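K.L.:
Numbering (our numbering), first residue to last: 210 to 389.
Shown next, in the form of structure tokens:
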């Protein structure tokens, strides 16, 4: 096992390399500014698994590690509260629940032109279809599949949940209206 975090070179091209005998591998020019200088901080993750990467949920683990969803809503002390709310929020809350393998959540945002959420899922497998069963922990008033421009698909049927099959590599976008 080897991991290259960052690499600096002294020249752009060298002569008489094993795989390029008799000619340079590029422009033979010194590049002292490309050297790694100073302290660097890097982070990496190892994820061991059995079976195939798809069945182990490697894409989901990578997405979760690289782009975790962080939300700031509540702190354990009152700071900068000028207008107190009439309700209290829980310290921990999950709006959506998605199984750890299968489809991957790639986008969750507010719709551009309406008071709904846009949710995009994709199947990371290149060979296998996968079923999705995404549950929303609020009352869903409407759920409809859209295109990438957030326009409702004409053949789509409204529903209250996101279920169904995704072809290999397929991404699908949904618009969800939840009770506020």
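The C-beta atom is built at its ideal place from N, Cα and C for all residues, glycine as well.
Quick caveat, the model's predicted, so the values are computed rather than measured.
Using three-state DSSP, classify residue 264 as helix, strand or coil.
P.N.:
helix
K.L.:
Quick check: what's the CA-CA separation for residue 330 versus residue 255?
P.N.:
24 Å
K.L.:
From the DSSP output, in three-state form, read off residue 395 for me.
P.N.:
In the structure displayed, the chain extends from 210 to 389; residue 395 sits before or after that span and is not available.
K.L.:
For my contact list, residue 265 and residue 259 are in at a C-beta cut-off of 8 Å; report their separation, rounded to the angstrom.
P.N.:
The Cβ separation is near 7 Å, so the contact holds.
K.L.:
Using C-beta distances below 8 Å, list every residue in its chain close to residue 249, excluding the 5 sequence neighbours before and after it, in chain order.
P.N.:
214 and 215
K.L.:
Run through the DSSP bridge pairs and tell me what residue 222 is partnered with.
P.N.:
For residue 222, which the question treats as bridged, DSSP gives no partner whatsoever.
K.L.:
Suppose you measure from the CA of residue 337 to the CA of residue 382; what does that come to, to the nearest Å?
P.N.:
For the pair residue 337 and residue 382, the Cα-to-Cα distance works out to about 19 Å.
K.L.:
According to the neighbour-count rule (16 or more other Cβ atoms, all chains shown, within 10 Å of its Cβ), is residue 357 buried or exposed?
P.N.:
exposed
K.L.:
Between which two residues does the beta strand (DSSP E) containing residue 372 stretch?
P.N.:
371-375
K.L.:
Tell me the DSSP bridge mates of residue 354?
P.N.:
383
K.L.:
Is the Cβ-Cβ distance between residue 313 and residue 333 less than 8 Å?
P.N.:
Taking 8 Å as the Cβ cut-off, residue 313 and residue 333 qualify as a contacting pair.
K.L.:
Check the DSSP bridge columns for residue 318 and list the partner residues they point to.
P.N.:
327
K.L.:
List the endpoints of the continuous beta strand (DSSP E) containing residue 249.
P.N.:
For residue 249, no beta strand (DSSP E) segment is defined, and its DSSP state is neither H nor E.
K.L.:
Are residue 311 and residue 340 close, meaning C-beta to C-beta below 8 Å?
P.N.:
yes
K.L.:
Would you kindly work out how many angstroms separate the C-alpha atoms of residue 294 and residue 210, rounded to a whole number?
P.N.:
C-alpha separation (whole angstroms): 54 Å.
K.L.:
Taking DSSP as the reference, what is the three-state secondary structure of residue 305?
P.N.:
strand
K.L.:
Considering only DSSP beta bridges, list what residue 271 is partnered with.
P.N.:
Checking the DSSP bridge columns, you'll see residue 271 has no partner listed.
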